[in-house]
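Residue numbers (the working numbering): 143 to 189.
Ideal Cβ positions, reconstructed from N, Cα and C, are used throughout, including at glycine.
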């Protein structure tokens, strides 16, 4: 949350992050510098 607050203070008008669920149904929020770890392959996403 500190990062989101800082971005807002610095004038950002949007926040991008990824929300998912683990196998044991815990929700997680992640954000990284590339899609490599969160997508279905290089430069691919799902809807």
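Short of 6 Å in beta carbon distance, which residues of its chain neighbour residue i, apart from the five on each side in sequence? Order them along the chain.
i: residue 169; result: 163
What span of residues does the alpha helix (DSSP H) with residue i cover, start to end?
i: residue 150; result: 144-151
Taking 8 Å as the threshold (C-beta atoms), are residue j and residue i in contact?
i: residue 149; j: residue 159; result: no
Using a Cβ-Cβ cut-off of 8 Å (strictly less than) and excluding sequence neighbours within five positions of residue i, which residues of its own chain qualify?
i: residue 146; result: 157
Assign residue i to one of three DSSP states: helix, strand, or coil.
i: residue 160; result: strand
Terminal residues of the continuous beta strand (DSSP E) containing residue i?
i: residue 169; result: 169-172
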